[in-house]
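Notes follow once the structure below has been shown.
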Amino acid sequence: MRTVTLTDVFAHPIAQKYLKRSGLAHAITAAYHAYHLALRHGVNVDLATKAALLHDIGHYTWYKNGRWDYEQYRQNDIHAIKGAERAHKLLIRLGEHPQNAKEIALAILLHTDSYLPDGEWKRTPLQAIVKWADEADEESGGRHHYRTISDDLAWKKIRQLDELVSRQHGKERLGDIV
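Sequential numbering from 315 applies to the sequence shown in the numbering used here.
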């Protein structure tokens with residue numbers, strides 16, 4: 315049984331604040347990509363969608379003259395580090411199992427190469443899913459962070475995705491029992 319749903323995460327004021335700062339439309343789209351990628355690759359859809367939804371909550375507001383300064387962001391960004399910390403704290407507060415919260419936080423930490431040292435980095439399947447989901451919605455110059463979505467449509471999409479995850483999670487649990 316899922317202890318914390320996507321709706322629970324999305325409803326929290328901390329998630330609302332940082333998801334809107336970093337691009338709510340992008341976060342929701344990445345979560346949908348993560349759902350489909352997780353199904354295709356046999357990864358836990360609950361963990362994948364939560365990690366993808368929260369993957370950019372560590373963004374700092376790198377703005378200059380009222381516009382996102384993409385170059386300043388690229389040079390100074392550590393959003394994955396801050397996001398992993400915020401997500402972990404949020405999920406623990408909501409009652410997520412500590413091991414799940416840790417896996418989600420690590421997937422957020424490793425969803426980008428922007429701050430990692432050069433070289434090949436070995437990701438777990440969950441970590442790779444979140445990276446791919448983010449990249450599937452990426453636009454040059456960080457424009458994916460500017461796309462907008464109404465609050466009503468965002469809630470509708472989160473509830474729909476939550477239902478898909480719940481159904482899939484039920485199938486996974488039934489497979490464990492049989």
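Glycine included, every Cβ here is placed at the ideal spot set by N, Cα and C.
According to DSSP, residues forming a beta bridge with residue i
i: Arg381; result: Lys378
Rounded Cβ spacing between residue i and residue j (contact assumed at less than 8 Å)
i: Thr321; j: Asp476; result: 5 Å
i: His425; j: His340; result: Actually they are not in contact, since the Cβ atoms of His425 and His340 sit about 12 Å apart, beyond 8 Å.
i: Ala394; j: Leu423; result: 5 Å
i: Ala329; j: Ala348; result: Contact flag wrong, Cβ pair sits at about 16 Å.
i: Thr317; j: His411; result: 6 Å
i: Arg400; j: Ile371; result: 5 Å
i: Tyr346; j: Gly455; result: Their Cβ separation, rounded to whole angstroms, is 23 Å, which puts Tyr346 and Gly455 out of contact at 8 Å.
Residue of the options minimising C-alpha distance to residue i
i: Arg457; options: His411, Arg381 and Ile422; result: Arg381
i: Gly484; options: Ile418, Tyr346, Asp360 and Arg400; result: Asp360
i: Lys474; options: Thr317, Thr363, Pro327 and His326; result: A quick correction: the sequence has Gln, not Lys, at residue 474. For the residues Thr317, Thr363, Pro327 and His326, the minimum Cα distance to Gln474 belongs to Thr363.
i: Thr462; options: Tyr346, His326, Leu338 and Asp370; result: Leu338
i: Thr438; options: Leu478, Asp427 and Ala421; result: Ala421
i: Lys396; options: His373, Ala325 and Gly455; result: His373
i: Ala325; options: Leu368, Thr343, Gly455 and Ala344; result: Leu368
i: Ala398; options: Val479, Ser480, Asn414 and Arg481; result: Asn414
i: Ala344; options: Arg481, Glu385, Ala447 and Ser480; result: Ala447
i: His402; options: Asp391, Lys416, Gln386 and Asn390; result: Lys416
| message | Is it the case that the region 435 to 443 contacts the region 350 to 360, given that we only count it when at least three CB pairs across the two stretches are under 8 Å? | response | yes
| query | When the Cβ atoms of the region 468 to 475 are set against those of the region 448 to 458, are three or more pairs found closer than 8 Å? | reply | no
| query | At what residue ranges does the region 448 to 488 contain a whole run of the alpha helix (DSSP H), taking only runs of 4 or more? | reply | none
| message | Taking 8 Å as the cut-off, does the region 334 to 346 touch the region 403 to 420 (at least 3 CB pairs, one atom from each stretch)? | response | no
| task | Jot down the residue ranges of each uninterrupted alpha helix (DSSP H) in the region 325 to 410, minimum 4 residues, whole runs only, in chain order. | result | 327 to 336, 338 to 355, 359 to 368, 384 to 390 and 393 to 408
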